[in-house]
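Peer 1: Shown below is the structure under consideration.
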Amino acid sequence: MSTLTPAGPTFGPREVKHGVRYRAIFPDHARTTPTVGRHLGALSVAGVAVRTIPQVPMNAIVIDGSVVVLPADTANGSVAVLRLTSVVATALELFERIWPDAVPLADRDLPDEADLSLREQEMLRLLALGATDEVAAAHLDISVRTVRRMVAQIMNRLGARSRFQAGVKAADRGWLLERAS
């Protein structure tokens with residue numbers, strides 16, 4: 028089953044059947060929204076391959092490559108179940124074009140109660156001030172490789188594809204604000 032879901036969860040971990048391949052694409056903001064992030068984590072643990080992209084083009088579920096479920100009326104939550112070969116093929120092609128560029132979700136990427144460790148906060152502060160990886164590593168007394176690994180993990184948690192995008196998303200989330208003492 029393949030799913031494109033811009034509006035939020037359309038199925039839960041209880042519906043995941045053993046031996047069935049599930050892939051789902053959600054919007055990036057789902058990673059950093061605690062409730063939806065926990066839902067994505069539960070889906071991932073249940074065996075769903077979850078990825079995110081900045082904006083999902085349509086809400087659809089494709090089942091067994093032969094049925095497409097689309098929202099029919101958002102006001103009452105009704106759906107349309109379509110078996111038209113051309114509609115199924117179009118939905119699958121859209122999904123397959125998006126899937127390779129979507130960022131995979133890993134358990135460590137999910138939001139938690141303490142968004143960042145103290146070391147991650149300090150590293151982001153240094154990088155926001157313009158410090159290079161080498162300078163940040165020296166200041167934190169860790170290796171450059173560890174700094175790069177930490178940056179990659181934060182980028183993945185935020186669903187960012189570049190350091191610049193990660194900086195914007197970290198700022199939006201409030202991670203770069205100076206804490207009041």
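Per the numbering used here, the very first residue in the sequence shown carries number 28; after that it's consecutive.
Quick reminder that beta carbons are idealized off the backbone N, C-alpha and C, glycines included.
Under the assumption that VAL43 contacts GLY92 (Cβ atoms under 8 Å), give the Cβ distance between them as a whole number of angstroms.
Peer 2: That pair is no contact at about 18 Å.
Peer 1: Buried or exposed: where does VAL89 fall if 16 or more other Cβ atoms within 10 Å of its Cβ makes it buried?
Peer 2: Buried, by the Cβ-count rule.
Peer 1: Hey, would you say VAL108 sits closer than 9 Å to GLY186, going by beta carbons?
Peer 2: No, these two residues do not count as a Cβ contact at 9 Å.
Peer 1: Just mark ARG175 as buried or exposed, buried being the case when its beta carbon has 16 or more other beta carbons within 10 Å.
Peer 2: With fewer than 16 other Cβ atoms within 10 Å, it is exposed.
Peer 1: Tell me whether the beta-carbon of PHE122 lies closer than 9 Å to the beta-carbon of LEU70.
Peer 2: Result no, Cβ atoms of PHE122 and LEU70 do not sit closer than 9 Å.
Peer 1: Alpha carbon to alpha carbon, how far is ALA193 from ILE181? Give it in angstroms, no decimals.
Peer 2: Using only the alpha carbons, I get a separation of about 8 Å.
Peer 1: At what residue ranges does the region 105-172 contain a whole run of the beta strand (DSSP E), taking only runs of 3 or more?
Peer 2: Segments of the beta strand (DSSP E) lying fully in the region 105-172: 105-109.
Peer 1: Tell me the start and end of each unbroken beta strand (DSSP E) in the region 30-95 that is at least 3 residues and wholly inside, in chain order.
Peer 2: 49-54, 75-80, 87-90, all fully within the region 30-95.
Peer 1: Distance, Cα to Cα, PRO153 vs VAL114?
Peer 2: It is Leu, not Pro, that sits at residue 153 in the sequence shown. When rounded, the distance between both Cα atoms is 50 Å.
Peer 1: Alpha carbons only, please: which of PRO127, PRO84, ASP199, MET177 is nearest the one belonging to LEU145?
Peer 2: Selected option, being the one with the closest Cα: MET177.
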